[in-house]
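Enquirer: Sharing a structure here in structure tokens format.
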Amino acid sequence: MKHVKWIFVVLLICSLTAFVEKDKPTGGLSEGDVAPDFKIESTSDGQPAFKLGNLKGKYVLLSFWASYDAQSRMQNVSLSNALRSSHNVEMVSISFDEYQSIFKETVRKDQIVTPTCFVETEGEDSGLFKKYRLNRGFTNYLLDGNGVIIAKNISAADLSAYVKEVG
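Counting with mature numbering (1 follows the signal peptide of the UniProt record, and there is no 0), you get residues -20 to -1, 1 to 147 for the letters of the sequence shown.
Dropping the structure here:
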């Protein structure tokens, strides 16, 4: 009988922790929010700083990632590939790596071909990281022409279907 009580207690604790984990907010902004404008310096010599507001009127995919986060890297690569032939959606890829050398090597290895690929070397301490309330989970946002978030954490397959729809 003593063991049955302990099994019950363990099961109760497990179910409560599973419930608590499920309801934990993922952080970041939500669909319907207006994406905060930002300006970021380019890593390429001679290329001007990028300002999100300059893309008003275009659909934009903002992808936040870091080379040390395997899941966000894989997501970034698949999203980049999904948009290769699209002229309807502009991808802005931002890494939160502290070293430009690591960022550049990751971009080369992952074969990310986007002219709007940037690194925020202040990492998680940067104003941009805080402005988008990213927490530890890196994410992506699809913005409409007015800068309103219309999708969050979109998969490459869903993005491809969306690009065909907008088309």
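All C-beta atoms, glycine included, are put in the ideal place defined by N, C-alpha and C.
(1) Which same chain residues, not among the five before or five after P28, have their C-beta less than 6 Å away from its C-beta?
(2) In chain order, what residues of the same chain lie with their CB nearer than 7 Å to the CB of K4, ignoring the 5 residues before and after it?
(3) Which same chain residues end up closer than 8 Å to S22 when comparing Cβ atoms and leaving out the 5 residues on each side of it in sequence?
(4) Less than 8 Å separating the beta-carbons of V143 and N68?
(5) Using the Cβ count rule (16 or more neighbours within 10 Å means buried), how would you classify G107?
(6) So which of A46, K84 and L122 has the shortest CA-CA distance to D13?
(7) Would you mind reading off the limits of the alpha helix (DSSP H) that contains L59?
(8) Please report the distance separating the alpha-carbon of V57 from that of S24.
Expert: Walking through what the data contain:
(1) If you number the sequence shown from 1, residue 28 lands on position 48. Nothing listed; no residue qualifies.
(2) Residue numbering aside, residue 4 sits at position 24 when the sequence shown is read from its first letter. At K4 the pLDDT is 38, less than 50, meaning the model places this residue with poor confidence; the figure from the coordinates comes in the next sentence. Answer for K4: no residue qualifies.
(3) Here residue 22 refers to the residue found at position 42 of the sequence shown. Answer for S22: P28, A29, F30 and F98, listed in chain order.
(4) On the sequence shown, position 163 is the one that residue 143 refers to. On the sequence shown, position 88 is the one that residue 68 refers to. Yes; because the gap between Cβ atoms is below 8 Å, this pair is in contact.
(5) Within the sequence shown, numbered from 1, the residue matching residue 107 stands at position 127. Under this definition G107 is an exposed residue.
(6) As a working note, residue 13 is residue 33 in the sequence shown. Closest option to D13, Cα to Cα, is L122.
(7) For the purposes of this step, residue 59 is identified with residue 79 of the sequence shown, where counting begins at 1. Segment A50 to A62, the alpha helix (DSSP H) holding L59.
(8) Residue 57 sits at position 77 when you count from the first residue of the sequence shown. Residue 24 sits at position 44 when you count from the first residue of the sequence shown. About 20 Å.
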